[in-house]
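Numbering (this note's numbering), first residue to last: 200 to 511. Idealized CB from N, CA, C, for every residue including glycine. Fair warning: this is a prediction, and the values are worked out from it, not measured in the lab. What follows is one structure encoded as structure tokens, with my remarks underneath.
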Amino acid sequence: MNCTKCKTKAVMKLPRHNAAFCKACFNGFVHDQVGKAIKSQKMFSKDERILVAVSGGKDSLALWDILLKLGYKADALYVDLGIGSYSEQSHAKVIRFAETVAAAHGATLHVHTVEQEEGAGIRELAMLVHRPTCSTCGTIKRYQFNRAAIEHHYDVMATGHNLDDEAARLLGNVLHWQEEYLDKQAPSLPASVDGFAKKVKPLYRLTERELAAYAVLNKIDYIVEECPMAKGARTLLYKEVLNRLETESPGTKQTFYWGFLEKQQRRESPSPTMAERDQSALRPCATCGQPTTAEVCSYCKLMARAKTSSLS
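Right, here's the structure in full:
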């Protein structure tokens, strides 16, 4: 099997593009896809400061690597969730990447430790507030990523969500007709009000398999294990279904998600934009000041409930 572009020996086959690439051309393909995502969705410029949410997994570390190699000003934030050996390993992977790769580009790593800042690990917090662990985790991570971006004056926050993630999320939202969530499926969400950072997903044009190959070929040391708290998550089922469809019909995931994005962009509607709806509905949290639709934001409610439970 030869490289479609340069005709040397290929190391990666991409059925959805009916192509195969050598390492150099595959890296070029990955960088081009991220570049197209940034440009087409007007995510950010070379002058803007980017905060990458890193977990120690292949996607987020690959994103940080790609943005730095493309010449962007990209720092990162790691949230240590306190999940035993899993968090210890993922933290070590992030530190190693920051010291061996990111530091050479002058990039900075910020670390938020849940056990220190919130007073307990994510599993204990979830038990204290009687909520699923993933829900508790999501509330804390969204809050802390946004807080860090605002407090450290970053222009945009970038996450490592890939095509598989977005297609699975779209499938779930369509199956349950979650219209509010469908409105927020775009890979670039504006900073609609003061206190909310702009959020982007530069990897939405690349699959999980392609990013795993990129990480391996570029010797990015990442944690292979999935988060132990994610076992049984519905999104994993949606990914399995989409993988079966992709095997039978290569390109299904991109047709599904990219098609959705195209239809959203073409849709002409007199209804207010998401930013306009946010501006009319959001107010400062009475406790912390971050934007929220209620008097007190979800994070502050969660922390107040955890404190009450720990004292009882």
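| M211 bridges to which residues according to DSSP? | Taking the first residue of the sequence shown as position 1, residue 211 is located at position 12. Per DSSP, F220.
| message | I need the straight-line Cα distance from P469 to D382, nearest angstrom please. | response | Looking up residue 469 in the sequence shown gives position 270. Looking up residue 382 in the sequence shown gives position 183. Per-residue confidence for P469 stands at a pLDDT of 46, beneath the threshold of 50, marking its modelled position as unreliable; no derived number is given.
| message | Using only CA atoms, which one of L481, L362, M428 lies nearest to N442? | response | Here residue 442 is taken as the residue at index 243 of the sequence shown, counted from 1. Of L481, L362, M428, the residue nearest in Cα terms is L362.
| task | Note down, in chain order, each residue of its chain lying with its Cβ closer than 8 angstroms to the Cβ of R466, except the 5 sequence neighbours on either side. | result | Residue 466 sits at position 267 when you count from the first residue of the sequence shown. Cβ contact annotation for R466 (same chain, cutoff 8 angstroms, sequence separation greater than five): none.
| request: Taking the CB atoms as reference points, tell me whether E247 and D354 lie closer together than 7 angstroms. | output: Walking along the sequence shown from the start, residue 247 turns up at place 48. Walking along the sequence shown from the start, residue 354 turns up at place 155. One thing to note: E247 has its Cβ within 7 angstroms of the Cβ of D354.
| Unbroken beta strand (DSSP E) runs of length 3 or more, entirely within the segment 261 to 290: which are they? | You should have 272 to 279.
| request: Mark Q315 as exposed unless 16 or more other C-beta atoms lie within 10 angstroms of its C-beta, in which case mark it buried. | output: Here residue 315 is taken as the residue at index 116 of the sequence shown, counted from 1. Q315 is exposed by the Cβ-count criterion.
| message | Between G305, H216, P386, W263, which has its C-alpha nearest L369's C-alpha? | response | Stepping through the sequence shown from its first residue, residue 369 is reached at position 170. It is P386.
| said: For E445, which residues in the same chain have their Cβ closer than 7 angstroms to its Cβ, ignoring the five residues on either side in sequence? | reply: For the purposes of this step, residue 445 is taken as residue 246 along the sequence shown, with counting starting at 1. Within the same chain, T451, K452 come within 7 angstroms of E445 by CB-CB distance, once the 5 residues on both sides are set aside.
| task | On a CA-only basis, which of A485, M502, C221 is nearest E494? Give me that one, please. | result | Translated into positions along the sequence shown, residue 494 becomes position 295. Out of A485, M502, C221, A485 has the C-alpha closest to the C-alpha of E494.
| Does DSSP classify A252 as helix, strand or coil? | For the purposes of this step, residue 252 is taken as residue 53 along the sequence shown, with counting starting at 1. A252 falls in the strand class under three-state DSSP.
| So what does P483 bridge to, in DSSP terms? | Along the sequence shown, read from residue 1 onward, the residue named residue 483 stands at position 284. P490, per the DSSP bridge assignment.
| said: Measuring only the C-alpha atoms, how far is S289 from A218? | reply: To locate residue 289, count along the sequence shown from 1; it is residue 90. To locate residue 218, count along the sequence shown from 1; it is residue 19. Each residue's alpha carbon lies about 33 angstroms from the other.
| request: Assuming K257 contacts L416 (C-beta within less than 8 angstroms), just tell me the rounded distance between them. | output: Residue 257 sits at position 58 when you count from the first residue of the sequence shown. Residue 416 sits at position 217 when you count from the first residue of the sequence shown. At roughly 11 angstroms, the Cβ-Cβ gap does not stay under 8 angstroms, so K257 and L416 are not in contact.
| Whole-Å CB distance - V251 paired with L269, under 8 angstroms assumed | Translated into positions along the sequence shown, residue 251 becomes position 52. Translated into positions along the sequence shown, residue 269 becomes position 70. Taking C-beta atoms under 8 angstroms as the contact rule, V251 and L269 fail to qualify, at a distance of about 12 angstroms.
| Local Cβ density within 10 Å of L435, reported as buried at 16 or more and exposed below that | Along the sequence shown, one-based indexing puts residue 435 at 236. L435 comes out exposed.
| Would the beta-carbon of Y277 fall within 7 angstroms of that of V253? | Mapped onto the sequence shown, residue 277 falls at position 78. Mapped onto the sequence shown, residue 253 falls at position 54. In this structure, the beta-carbon distance from Y277 to V253 falls below 7 angstroms.
| request: Have a look at S509 and A319 and give me their C-alpha separation to the nearest angstrom. | output: Residue mapping note: residue 509 aligns to position 310 of the sequence shown, counting from 1. Residue mapping note: residue 319 aligns to position 120 of the sequence shown, counting from 1. Distance between the alpha carbons of S509 and A319 is about 10 angstroms.
| query | Using the beta-carbon count (16 or more within 10 Å), is C499 buried or exposed? | reply | Here residue 499 refers to the residue found at position 300 of the sequence shown. So C499 counts as buried.
| task | Measure the C-alpha to C-alpha separation of E350 and Q463 and round it to an integer number of angstroms. | result | Counting from one through the sequence shown, the residue named residue 350 turns up at place 151. Counting from one through the sequence shown, the residue named residue 463 turns up at place 264. Roughly 32 angstroms separates the two Cα atoms.
| field | Beta-carbon contacts of R404 that lie in its chain and below 6 angstroms, excluding the five residues immediately before and after | value | Along the sequence shown, read from residue 1 onward, the residue named residue 404 stands at position 205. Q232, A236.
| request: May I ask you to report which of helix, strand or coil DSSP gives P469? | output: The residue given as residue 469 occupies position 270 in the sequence shown. The predicted position of P469 is uncertain, since its pLDDT is 46 and thus under 50; no value can be drawn from it.
| field | Collapsed DSSP secondary structure at V355 in the structure displayed | value | The count along the sequence shown starts at 1 and reaches residue 355 at position 156. In this structure, DSSP gives V355 an extended state, which the three-state scheme calls strand.
| Ends of the beta strand (DSSP E) at T406? | As a working mapping, residue 406 is identified with position 207 in the sequence shown. Counting along the chain, T406 falls outside any beta strand (DSSP E), and DSSP gives it neither H nor E.
| message | In the DSSP output, which residue or residues are listed as bridge partners for V399? | response | As a first step, residue 399 is located in the sequence shown; it is residue number 200 there, counting from the start. Within the DSSP bridge table, the entry for V399 names A357, S387 as partners.
| message | Taking contact to mean 3 or more Cβ pairs, one atom from each stretch, closer than 8 angstroms, check whether the segment 336 to 345 and the segment 286 to 302 are in contact. | response | They do not touch, by the three-pair rule.
| task | Have a look at T307 and D364 and give me their C-alpha separation to the nearest angstrom. | result | As a position in the sequence shown, residue 307 is number 108, starting the count at 1. As a position in the sequence shown, residue 364 is number 165, starting the count at 1. Computed Cα separation, rounded: 27 angstroms.
| said: Which residue marks the beginning of the beta strand (DSSP E) containing V392, and which one marks its end? | reply: Numbered from 1 along the sequence shown, position 193 holds the residue referred to as residue 392. Segment: none, V392 is in no beta strand (DSSP E) and carries neither H nor E.
| request: Output the distance between the C-alpha atoms of T492 and A480, rounded to the nearest integer angstrom. | output: For the purposes of this step, residue 492 is taken as the residue at position 293 of the sequence shown. For the purposes of this step, residue 480 is taken as the residue at position 281 of the sequence shown. If you take the alpha carbons of T492 and A480, they lie about 6 angstroms apart.
| task | On the DSSP bridge assignment, give the partners of H309 in chain order. | result | Working through the sequence shown from its first residue, we reach residue 309 at position 110. In the DSSP output, where bridge partners are listed per residue, H309 has L276.
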